[in-house]
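Positions 12 to 98 (the numbering used here) are the ones given, in order, by the sequence shown. Below: the structure, in structure tokens.
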Amino acid sequence: MRGQEKLAVEQISNKKIRVRNEGGTTSFIIGVFALNSTDNSVKYVKLDAPASVKILSTEDIDLPETVPTGWRTSVLTAYGNIFWEES
């Protein structure tokens with residue numbers, strides 16, 4: 012299942028991301044990483060509960076804490092994959 016995941020990530024606001032599932036399996040998002048490209052500092056936000064993104068669907072995910080606007084975001088899945096927002 013891990014190899015069948017393919018997600019596209021977009022930061023909508025500092026409290027919300029949008030994830031589009033382009034893969035062949037349902038994905039479960041368990042956390043979000045944010046990278047400050049200026050100094051390479053990283054922030055990790057663990058979701059309160061895994062967010063499910065079904066095959067060929069798009070989900071907006073509310074974050075339990077803020078991620079700085081302008082930082083590059085990624086999602087961590089239950090299968091251990093990390094998918095970064097396109098820069």
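Cβ coordinates follow ideal geometry from the N, Cα and C atoms, glycine included.
Cutting at 6 Å between CB atoms, please list the residues of its own chain near residue i, excluding the five before and the five after it.
{"i": "K34", "result": "The residue you asked about is not Lys; residue 34 is Gly in the sequence shown. Q15, E16 and K17, listed in sequence order."}
Taking the alpha-carbon positions, what's the residue i to residue j distance?
{"i": "F44", "j": "S85", "result": "5 Å"}
{"i": "I28", "j": "E76", "result": "12 Å"}
{"i": "K65", "j": "N32", "result": "7 Å"}
{"i": "T80", "j": "E97", "result": "15 Å"}
Classify residue i as buried or exposed, calling it buried when 16 or more other Cβ atoms lie within 10 Å of its own Cβ.
{"i": "I23", "result": "exposed"}
{"i": "P67", "result": "A small correction: the amino acid at residue 67 is Leu; Pro does not occupy that position in the sequence shown. So L67 counts as exposed."}
{"i": "T88", "result": "buried"}
Residues in the same chain with beta-carbon distance under 8 Å from residue i, minus the five sequence neighbours each way, listed in chain order, please.
{"i": "M12", "result": "T36 and Y90"}
{"i": "V53", "result": "F44, A45, L46 and N47"}
Who are the near neighbours of residue i in its chain, counting only those whose CB is closer than 7 Å to its CB and skipping five residues on each side?
{"i": "W95", "result": "V20, R83 and S85"}
{"i": "S38", "result": "E16, L18, N32, V64 and T88"}
Taking the alpha carbon of residue i as the reference point, which residue from the options has its own alpha carbon closest?
{"i": "G42", "options": "L58, E70, S63 and N25", "result": "L58"}
{"i": "A60", "options": "I93, N51, K54 and D73", "result": "D73"}
{"i": "N25", "options": "T69, V78, I93 and E70", "result": "V78"}
With DSSP as the reference, please indicate the residues paired to residue i in a beta bridge.
{"i": "D100", "result": "Residue coverage of the chain in this structure runs from 12 to 98, which leaves residue 100 outside it and unanswerable."}
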